[in-house]
Each structure stands twice: as C-alpha cells, then as structure tokens.
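Protein chains: 2
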Amino acid sequence: MARAYEVDLDKNAANYQPLTPLTFLARSAAVYPEHTAIIHGGLRYSYKEFYARARKLASALAAAGIAHGDTVSAMLANTPAMLEAHYGVPMCGGVLNTLNTRLDAQVIAFSLDHAETKVLITDREFSATVKEALTLTKSAKPLVIDYDDPQFDVGGELLGDMEYEAFIADGDADFAWQMPEDEWRAISLNYTSGTTGNPKGVVYHHRGAYLLAQGNAITASMQKHPVYLWTLPMFHCNGWCFPWTLSVIGGTHVCLRWVRADAIWQALAEHRVTHLCGAPIVMATILNAPDDDKRALDHVVEFFTAAAPPPEAVLAAMSEAGFNVTHLYGLTETYGPAVVNDWNAAWDALPPGERATKKARQGVRYAALEGLDVIDPETMTPVPRDGETIGEVMFQGNIVMKGYLKNPAASAEAFGGGWFHSGDLGVMHPDGYIQLKDRSKDIIISGGENISSIEVEDALYKHPAVQAAAVVAKPDDRWGETPCAFIEVRPGAELSVDEVMAHCRDNLARFKCPRHVVFAELPKTSTGKIQKFKLREMAADV
Amino acid sequence: MARAYEVDLDKNAANYQPLTPLTFLARSAAVYPEHTAIIHGGLRYSYKEFYARARKLASALAAAGIAHGDTVSAMLANTPAMLEAHYGVPMCGGVLNTLNTRLDAQVIAFSLDHAETKVLITDREFSATVKEALTLTKSAKPLVIDYDDPQFDVGGELLGDMEYEAFIADGDADFAWQMPEDEWRAISLNYTSGTTGNPKGVVYHHRGAYLLAQGNAITASMQKHPVYLWTLPMFHCNGWCFPWTLSVIGGTHVCLRWVRADAIWQALAEHRVTHLCGAPIVMATILNAPDDDKRALDHVVEFFTAAAPPPEAVLAAMSEAGFNVTHLYGLTETYGPAVVNDWNAAWDALPPGERATKKARQGVRYAALEGLDVIDPETMTPVPRDGETIGEVMFQGNIVMKGYLKNPAASAEAFGGGWFHSGDLGVMHPDGYIQLKDRSKDIIISGGENISSIEVEDALYKHPAVQAAAVVAKPDDRWGETPCAFIEVRPGAELSVDEVMAHCRDNLARFKCPRHVVFAELPKTSTGKIQKFKLREMAADV
C-alpha cells in the first residue's frame, strides 16, 4: 500500500507551484488595489501602483540584460525604490544584493566585485562612497542607476547614466514576470561583516523568503492592513523579510530615510503605525526625543528589537510611552529573526526585575524554523537544559540560508553536522528558552551594526606606534555596545588618543571606530593569549 | 554568474526540512506546555498532554504495524481522539482517512476497502453503521479500536478488541516520531461524494497541510492563543486544516460532539470562543436557539462559513448577535477553503442589500493559493472580467490535492491543462472577485454536506413505479439547500409521497433523502434532455 500514495500522484502545474513572496504582491495588488502600500514623505503609492512600479523595474532590468542569476546591487535608504527592488529584481530572475550604506568604499567595492554586480541602483546621498568604490572595483563595471529622492534634499551627486525614475519610466507596467523555476533559486544576497578576512555573501532563496514573510506575520500577530514604520534598515537581512511580509496582509509601508526622533513620532501618530522594528538604539532615539516631538498614542505599538536584550529601564519607559516590546534574535544567515521571546502571559505578574530577566532571553524558534538548540560543538549533543551549561546556538530549518556565495569551505563549516553553527554561545533554560551568554566570534554590536573586534585590531596594528592592541565591547545605554580599544604602545614611541582616533577614521568606517581608547599593559595568559574577559571588565569601568 | 547561485549551495539538513504541520505541535508543546490545548466536556488537555497523547497514539500504531503509507481510518466525532489522530497517525508515517459519520454502511465499507485500511478507530456512537460496514468490506480487515467517550453517554456498542484509551495507554509519550522523508508524502485521505460511480479518495500531502494551516491563521487574522469551537466536522477536509492551524499559534480547541444550540452558546460564553466555522445550518442553529440558551457575548466572534452564500437576513441577525461572518469557498480537493471573500472596509458604507450582495461572492484566493481564475474549459482562456460570462472555476497552487488515490484517469481529468477543474461554474467580477453561478456536477449542498442529485435519482429509478426522476436543489433557509425530487409515475402504477420517502430511506443515507417530492411531467428539450433549470424554478415555488 505504501506505493499507492506515491504513484500517479505527481507534481504538476495545478498542484505544485514554487513558493515565492512575489505572489503575495500580485495578490495584494489584485485584492487591495487602492489600499496605500507605501508612504514616503508626501508620496503615496497604492498597491496597484506599487505592483506596477515593481513590474516596470523588472521590465527595465530585463531590457538592460538582467536575467536568471544576475546580481543587482542596491545602495539605498529605506525608500520606495528599495521596496520596489525587493520585487522588481527577482521578478526578472535577478538576485538583489542590498549594500550596507554605512560601510566604506573598500568593502562596497569588494561586494560589487564578489557579487559580479551587473546593475547598481544607488541613492545620491551615498554618492561619495559609491563614487570611490567604483574606482576600486577590480572586475565589476555595473550599469549605474541613480536614485534621486524626489521627497528629500540629500546632497551628493548623480553618478550614473540614468536616474531611477527615468529608468523605470519606459518599463512595462504589465510585464509578464516569471515565477522562479525552482523555489530553491536565489532571491537575494546579503554580505555579512566577517570577523576575519573578507565579508561572506549570504544567499537567500525564494522558499525561505516566502516562509519567513508569513512567519513574521504570524509571530507579530499582524492583522490585515497593519502599518509598518521602516526604522530597521532594509539592507539588514532584507529588512528581516518585512518588505515581503506586508504584502501577505496588505500592510502599509511607512518609509523613513533617516532614523530621527521627530520623524518617528510624527509617523507613529499621523499614520497610526502598528508595528516597527529596530536595534536598541531606535528605542533610545524614541525615548530620548525632546518632549515637543513626542505625541500621545491612542493605541499600543508593537516594537520588535534584536541585537541586544532590552534593559529593564528601557522596557519600563517603552511601556510607559505606549509600546509593547518583543525581543527577537537571529543572524544574517537566518534571514534575520528566527527566534522570538514568546511571552507567557503568566510572566506579567512577576516583579519588574524578574520580568526584565525573562524578556532578556532570546527565546524559542519561530514556527517557520524547524530546529533550535544549544549544542556542544565538539560532540554535537545538546547541552543540559539547566540555564548554565554553555554551548553553541545552532539552527536547523527552512529559514536558514542557502549558503555562502562562492565559498564552499565556509558553507561546509557553517553546516557541519547538519546544523547551522551560529558562532554565538548560549545556554538552554529548563523551559526551553535559549539565552546568549557570549559571542564566540568577537563581534561587537553597536547600534544594531556588527563590528568585528578583529577588524578594528587589525587597523590599530597598522599604526607604527602600536605594539599590541585588543578591542572589546563596552556596554552603552544608547548604542547597546561600543568598541573599546586597549593599546600597548611600542617602547620609545609616543601615541595620543586623538592620534589613535584619527588613524582609525582613516582606516575604518566611522561606526567601527573605538569610542574609548585605553593605554595599558594587556592582561595575558601564561601562554601569552590576551585575556579578553578581563578587558571586558576593565572596559565596563572606563 | 547564473551558475554561481546554483553551485555549492545545495540542500542539507541544516537549511532544508520537509514542511509538515507536525512541527507546529512539537513547538506549541515546548513553548506553551501548560496552555489548554483541548477542552472536551469536563476534560482539559494542556499542550504538553496533547503532544504526549499524540505521540502515545503514534507509538501504539507503530507497534500495531502502521508504517509509511498505511491507512488509519477514523469514524469519529469532534473529540480529542480525532485531534490526536491528526498528529499521531502521520507521526508514524500513516495516512489519516477521516470518514463522514453521516454516510451509510455501504459507502463506509467501500472507503475501508479502497483505502486498504489497516486500523480503524471508531466512536461507539456510530457502531451500528460501522458494524454493518465491517460485514460488507471485501478485502479490508482492519484492527478495530473503539473510542468510548468518557464525557458523553452515546449509546452504541464496542466492536473491537480494544478501547482507545487502553490502546494508547501503553504507548510511549516520548516516541521518537519521524519527519516525513519528503513533504510531498501523503498525510491524509478524504473521500469526496462523487456524483457518479464510487467516491474518490482525495490525497493531501504534508506541504499543503503546512501551508493551509498557516494560511488559515493569516486569513482569519488569528492572534496568539485563539479559542476555536469545533462546529465544523473534522471529517470534512480535515476540518479545513484547523486541527493543524491551532498549533501554529497555540490555540485552544473546544470540542463539540453534537452541534446543538445550547452547547454552542454555552461554549461561546464560558470559553470565550474567538473563532468558529460551519455551514449555513450552524448559523441557523445559533440564531434559532431558544432565548434561554442564548448568552450575551462581550467580544466579536469570527464565524467562517462556506457551501452557500450567507443571505442578507442571516448576516444582519448574526451581526446583531455578536458575530462577524466571513464567506469562504473551496472543495475537498483544495484542503477545504482556498478562496475568501476578503472584505473591503469601504463596503461597510453600502446599504445592507448591497453589502449582502458583496458578501455573497466567493471572493479571491488565499495567499497560500497561487492561482484562481474562471476559465473557459474548452479554450482554457480566462473569461472576461464582466461578472456575467460563465466559465469554470479553476485552481492552481500548493493547496490543491496530490490527486485521487488509485484513480489516475480522474486525476488527469481534474488537472487538465495545468489547472484543477472544480466543476463549479462561476463568473469573474471586474474587481477580481469570483462568484459561483451554478454547479456543473449536479451537487446539492444541504447542511454543508454534498449530495449528488444523480445518486438520489439512481435510487429513485430503482423503484418499479418510477418512470422518470430528476432531483434538484431547493433553497432552504435552514439547510441552505435540500433535495427536491420530481417524478413521473409509470402509467398504470400508483405511488405516494410516503412510499417514495420510505424507499429512499432504505436506499440512501438519511441526509440525502428528498425533503420534497413532486409528481409531474418532467420538462424536456426537443432532444429529450431534462431541463433542470426549469425544475429549479419549480422547486423554489414548492
């Protein structure tokens, strides 16, 4: 009998279609054509217009030669063009590579080369960096399309041959976009700032994007027609897949070029925002706004944060201001969030301190993720559920990346033993909630951005007066963490804090530069290994 | 470059897992162990207990020899055993075949044979039918497990060697259930009452069950921890996949053995039910309850109905009583609902009559369905979107069945041209909403059950006094439709309405028997074809 359920019951076009988030936009355009899809300054695009503009972009890209597996890179702020790229690029078979606009020209140039970028859409705000990057690329010579935001005066200059609106103007609003041939096909490429060596290109596929898009709607309990404010950069893990989520339920995107307190509060009140995401720095921005900028909210706003556990005082202040904060966790390799601090209503009765302790835990898997555990990487067995034994956080499931582009060694290492190794260390509590304890890869997360301590150390070592350097995270109320540098000066040499700062700014993106510099002898083990845990204690007291 | 995104980026255990709704229950048991999963009379099962009981069932079935592709049939009411079967059976690789408890012994016997049932779980309420069916099977000799409901006195007798609770008592609560090897594997089997010949066995797979389970949560805007009342029989398309949906969001199942007004109102008020589904007859039951049974509700209850468009008066009365009614449409072949009357808030401003007209339309595709159209089956081109041109409603996507079991000819016919042919006739409105106009397969839907007019006619023709017979749907406020029989009596013979009724009860399940019998000459075309549309007009006036 086993065979009976497997014969003459094959896949065909009627009962099998590749999973892709592109179908969500087509549906919302059909069902909610007049509903506002995008708000940007004074601009409003309905779902009918959003879909038409995405198809025009796809059509224009196809005319420019973009086809299956070609990379389109985007150096864009949270603007309509960025949302349109999330649909228009894959609609013609292209792969969307969103660039972190805070990175320096050298890293951007590396990405353009590695991704073999065919078309680059770039916002004129970032023209200085991009102009330099284009002189640094070794092989990539992309067609450059400038996005000249009609709503904001951003300075900068136009670099390419054509402006975005002109580029899509001739596109076909009825472009017959194609479903991916296979749901395993790549939809996007996100470079993760590696701790050593070059950034790695994390490849997402249509299947995972579809599943997390729906998973977000379910995890965030989003009803039909939510209003979502773009405080999270879309270049981070494709905005945690929310550009696709909103099309599942006909939501409204409220774009936000700059994450500024007055603009956030204005949007919250005027557009009746229901949901927003962001690193802890966004909460600080909201809370520290001048009183004149703040507005009374007539509804609870859902705020999803990641990167660092929300501290008790911040949670209390956010609640006071009208927000419900949910703590998420994930990595670029898991399409953004894959773990949620799924809140148990019984915990509401706990004293504030214990509530914050519960809230600080990273939590449990999304329903869209099949496996999450804390595992001893040596034996590949789960650690005891005691909240104390440290192991490595590992993931298994359909919202784990396809792999690293052109880097089979890194992919094989990441997927060893049939689990994705996050590199994050944590514990498993008796109730099945995980909590991070340390990061094994020396990552400092500042304002939601990953900073490699090793990269900063490498830059410090380039200075002739530096004999030894070590960089660790210093806890920071506003930024979550900031890099703190400890330096041993070469005997006979002289070095000032200002000199170190200037040297770093010449060699690193601004956000990676140490906020504090301490000249001291570095504590070492008997074998000469720097004891970073001691430095972290010292940094906390600086 | 196209190749770069396709090489060294293969599926592995870390980044690919079969989609299956079984993972949802595992998650809810881990995250909400103490939350109430099932309410049944005075019984309460937490998610931890629900999961443990499902695993015990899986373990017991495995010990009884059930493995990949073996059929377990269930003749069950909406009880905990039925919910457990939705997980326990596929957890050991089995395929769940839910039997329509309203069918007669002959049809049940056919299903047991055709499905090659290895194990039958049967509620003692239905022992008379099942006992007879077991004498009628030609090849199936299943192990029979009786479900003897501890909460309700249902009469009947025990037929098998073991009672359900005893059967699972020795099962392993930690049974290491297996993920399906492939998400395309069968998870369940639902027999559809065919219009001619034998019932067809509709096969569902894990992938589709996963996607519609999530799709329901999204379409129904279900927040975390909804409370769902089981007014819809779970033997209908696996309860439209809601047995799996609730595990996505940690919902509470409120079981309901009998769809009676007092029990419904009591559950609505006492358990604060948020969602329920049912045919129009359920709305009639709710509304026509004695005033003493009705309760004031302190929240709006979401009611999802299908099978027939809700009439204006019913909508108004439901609204008055505290319900928001959403109209769905689908077929057994589409896992239940795949189309939703997605409500546009602007329509709220329309006069009641126009609102009801809008509400009567079947609507648009679920986000989980990739294609829905009204198509000319001859040319396979979509009909004009004019709300007038009639075509056949066709589906395309991942929530369309795997096919008909052991019936490749029927599968091929249903999937002709890469679309699933519903057999339902409808129109496409200019705004993209479909509306059914007639059913091409002579189905009468009474109280949510499909009745084949041809089957009833066949039964009538067996009576020696019947010369010609035709059965059509007669609109009915309570049942939606009822079968109305038109009979030409053989010259010289005599026949009374009572004789016809008695004859039908001997040959048909009770719910299929005509409610009205009219002796008349049948209107025919010049070629002798009976003009059913004229009979429908006549039936409406009976």
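Taken in sequence, the protein lines are chains C and X.
Going by my numbering, 225 is the number at position 225 of the first sequence; the sequence numbering is gapless.
Take any residue in the second sequence, note its place counting from 1, add 542, and you have its number in my numbering.
Where is the CB? At the ideal position from N, CA and C, for every residue including glycine.
Computed from a prediction, not measured in an experiment: that's the story for all the values here.
What does a CB cutoff of less than 7 Å around Q151 of chain C pick up in its chain, not counting 5 residues either side in sequence?
-> For the purposes of this step, residue 151 of chain C is taken as residue 151 along the first sequence, with counting starting at 1. Once the five neighbours on either side are set aside, the close Cβ partners of Q151 of chain C are H40, G41, G42 and L43.
Nearest-angstrom Cα distance between T334 of chain C and F709 of chain X?
-> One-based indexing of the first sequence puts residue 334 of chain C at position 334. One-based indexing of the second sequence puts residue 709 of chain X at position 167. If you take the alpha carbons of T334 of chain C and F709 of chain X, they lie about 42 Å apart.
Alpha carbon of C513 of chain C to alpha carbon of K200 of chain C, nearest angstrom | Working through the first sequence from its first residue, we reach residue 513 of chain C at position 513. Working through the first sequence from its first residue, we reach residue 200 of chain C at position 200. Roughly 21 Å separates the two Cα atoms.
Between the CA atoms of P243 of chain C and V273 of chain C - distance to the nearest angstrom = One-based indexing of the first sequence puts residue 273 of chain C at position 273. One-based indexing of the first sequence puts residue 243 of chain C at position 243. Approximately 15 Å between the Cα atoms of the pair.
Check each candidate in C:K358, C:D8 and C:Q435 and name the one with the smallest Cα separation from E388 of chain C.
-> Residue numbering aside, residue 388 of chain C sits at position 388 when the first sequence is read from its first letter. When each option's Cα is compared against that of E388 of chain C, the closest is C:Q435.
Relative to the C-alpha of A555 of chain X, which residue among C:H503, C:S411, C:I444 and C:G480 is closest?
-> The residue labelled residue 555 of chain X in the question sits at position 13 within the second sequence. Among C:H503, C:S411, C:I444 and C:G480, the Cα nearest to that of A555 of chain X belongs to C:S411.
At which residue ranges does the stretch 694 to 765 of chain X contain complete beta strand (DSSP E) runs of 3 or more residues, listed in the order of the chain?
-> You should have 728 to 734 and 742 to 747.
Contact set for P226 of chain C: own chain, Cβ-Cβ below 6 Å, skip 5 residues either direction | Here residue 226 of chain C refers to the residue found at position 226 when the first sequence is read from its first residue. G251, T274 and H275, listed in sequence order.
Is R44 of chain C helix, strand or coil by DSSP?
-> Within the first sequence, numbered from 1, the residue matching residue 44 of chain C stands at position 44. If DSSP states are grouped into helix, strand and coil, R44 of chain C belongs with the strands.
For the candidate residues C:G160, C:D174, C:D113 and C:L19, whose alpha-carbon lies nearest to that of A30 of chain C?
-> Start at 1 with the first residue of the first sequence, and residue 30 of chain C comes out as number 30. Taking only the C-alpha atoms, the option nearest A30 of chain C is C:D174.
Check each residue of the stretch 234 to 249 of chain C: if its Cβ is closer than 8 Å to any Cβ of chain X, include it; give the result in chain order.
-> The residues in question are V248 and I249.
DSSP on M428 of chain C, reduced to helix/strand/coil?
-> Locating residue 428 of chain C in the first sequence gives position 428, counting from the first residue. M428 of chain C: strand per DSSP, three-state reduction.
Members of the stretch 358 to 389 of chain C that neighbour chain A once the beta carbon cut-off is set at 8 Å = Absence of chain A from the displayed structure is noted, the protein chains being C and X.
Does the distance from the C-beta atom of H1027 of chain X to that of V1008 of chain X stay below 7 Å?
-> Along the second sequence, one-based indexing puts residue 1027 of chain X at 485. Along the second sequence, one-based indexing puts residue 1008 of chain X at 466. It is worth fixing the name first, because residue 1027 of chain X is Ala in this sequence and not His. Not closer than 7 Å, so no.
Who are the neighbours of Q17 of chain C on chain X, taking C-beta pairs under 7 Å?
-> For this step, residue 17 of chain C is matched to residue 17 along the first sequence. Those within 7 Å of Q17 of chain C in chain X are E912, Q938, G939 and N940.
Whole-angstrom distance between T192 of chain C and W265 of chain C, CA atom to CA atom = Residue numbering aside, residue 265 of chain C sits at position 265 when the first sequence is read from its first letter. Residue numbering aside, residue 192 of chain C sits at position 192 when the first sequence is read from its first letter. Rounded to whole angstroms, W265 of chain C and T192 of chain C show a C-alpha spacing of 31 Å.
Taking only runs of the alpha helix (DSSP H) that begin and end inside the stretch 312 to 389 of chain C, which ones reach a length of at least 4 residues, in chain order?
-> Correct list: 312 to 321 and 352 to 359.
Use the C-beta contact count for R207 of chain C: other C-beta atoms within 10 angstroms, 16 or more gives buried, fewer gives exposed.
-> The sequence position of residue 207 of chain C within the first sequence is 207, counting from 1. By the C-beta density criterion, R207 of chain C is buried, having at least 16 other C-beta atoms within 10 angstroms.
Give a yes or no on whether 7 Å exceeds the smallest Cβ distance from V259 of chain C to chain X.
-> Taking the first residue of the first sequence as position 1, residue 259 of chain C is located at position 259. Answer no: the Cβ-Cβ gap between V259 of chain C and chain X never drops below 7 Å.
Please compile the residues from chain C whose C-beta is within a distance smaller than 7 Å of the C-beta of D884 of chain X.
-> Working through the second sequence from its first residue, we reach residue 884 of chain X at position 342. Those within 7 Å of D884 of chain X in chain C are V31.
Pick out whichever of X:Q904, X:Y558, X:V935 and X:P822 has its Cα sitting closest to the Cα of G965 of chain X.
-> Residue 965 of chain X sits at position 423 when you count from the first residue of the second sequence. Nearest C-alpha to G965 of chain X: X:V935.
Verify whether the separation of the beta carbon atoms of Y871 of chain X and Q904 of chain X is less than 7 Å.
-> One-based indexing of the second sequence puts residue 871 of chain X at position 329. One-based indexing of the second sequence puts residue 904 of chain X at position 362. Y871 of chain X is a Cβ neighbour of Q904 of chain X, given a cutoff of 7 Å.
Closer than 8 Å at the beta carbon, the chain C residues around L947 of chain X | As a first step, residue 947 of chain X must be located in the second sequence, where it is residue number 405. Here the neighbours are A4, Y5 and L9.
In terms of residues, what are the limits of the alpha helix (DSSP H) holding G88 of chain C?
-> Locating residue 88 of chain C in the first sequence gives position 88, counting from the first residue. If you look at G88 of chain C, you'll find it in the alpha helix (DSSP H) that goes P80 to M91.
Rounded C-beta distance between A308 of chain C and I445 of chain C? I'm assuming under 8 Å.
-> Along the first sequence, read from residue 1 onward, the residue named residue 308 of chain C stands at position 308. Along the first sequence, read from residue 1 onward, the residue named residue 445 of chain C stands at position 445. Indeed, because the Cβ distance is near 6 Å, the residues count as touching under 8 Å.
Looking at chain X, which residues of the stretch 51 to 66 of chain C have a Cβ within less than 9 Å of any of its Cβ atoms?
-> Taking 9 Å as the Cβ-Cβ cut-off against chain X, none of the residues of the stretch 51 to 66 of chain C qualify.
Examine chain X for any beta-carbon lying closer than 7 Å to the beta-carbon of I23 of chain C, and answer yes or no.
-> Locating residue 23 of chain C in the first sequence gives position 23, counting from the first residue. Here the sequence assigns Thr to residue 23 of chain C, which means Ile is not the residue at that position. Cβ-Cβ to chain X under 7 Å: yes for T23 of chain C.
Under a three-way DSSP split, which group does C783 of chain X fall into?
-> Here residue 783 of chain X corresponds to residue number 241 of the second sequence, with the count starting at 1. Coil at C783 of chain X, not helix or strand.
Taking the alpha-carbon positions, what's the Q756 of chain X to K683 of chain X distance?
-> Within the second sequence, the letter at position 214 stands for residue 756 of chain X. Within the second sequence, the letter at position 141 stands for residue 683 of chain X. Whole-angstrom Cα-Cα distance: 36 Å.
Cutoff 7 Å: Q178 of chain C Cβ touching any chain X Cβ | If you number the first sequence from 1, residue 178 of chain C lands on position 178. With respect to chain X, the C-beta atom of Q178 of chain C has no partner C-beta closer than 7 Å.
What is the DSSP secondary structure of Y526 of chain X, counted as helix, strand or coil?
-> Residue 526 of chain X lies beyond the range of chain X shown here (543 to 1084); nothing can be said about it.
Report back the beta-carbon spacing between D262 of chain C and D291 of chain C to the nearest angstrom; my notes put them in contact at under 8 Å.
-> On the first sequence, residue 262 of chain C is found 262 positions in, with the first residue counted as 1. On the first sequence, residue 291 of chain C is found 291 positions in, with the first residue counted as 1. The Cβ separation is near 12 Å, so there is no contact.
According to DSSP, is D1018 of chain X helix, strand or coil?
-> The sequence position of residue 1018 of chain X within the second sequence is 476, counting from 1. Three-state result, D1018 of chain X: strand.
Who are the near neighbours of N642 of chain X in its chain, counting only those whose CB is closer than 6 Å to its CB and skipping five residues on each side?
-> Your numbering for residue 642 of chain X matches position 100 in the second sequence. Answer for N642 of chain X: F777, listed in chain order.
State the Cα-Cα distance for the pair Y908 of chain X and V881 of chain X, rounded to the nearest angstrom.
-> For the purposes of this step, residue 908 of chain X is taken as the residue at position 366 of the second sequence. For the purposes of this step, residue 881 of chain X is taken as the residue at position 339 of the second sequence. Looking at the two C-alpha atoms, the distance is approximately 5 Å.
Could you tell me whether the Cβ of N97 of chain C comes closer than 7 Å to any Cβ of chain X?
-> In the first sequence, the residue the question calls residue 97 of chain C occupies position 97. The C-beta of N97 of chain C comes no closer than 7 Å to any C-beta of chain X.
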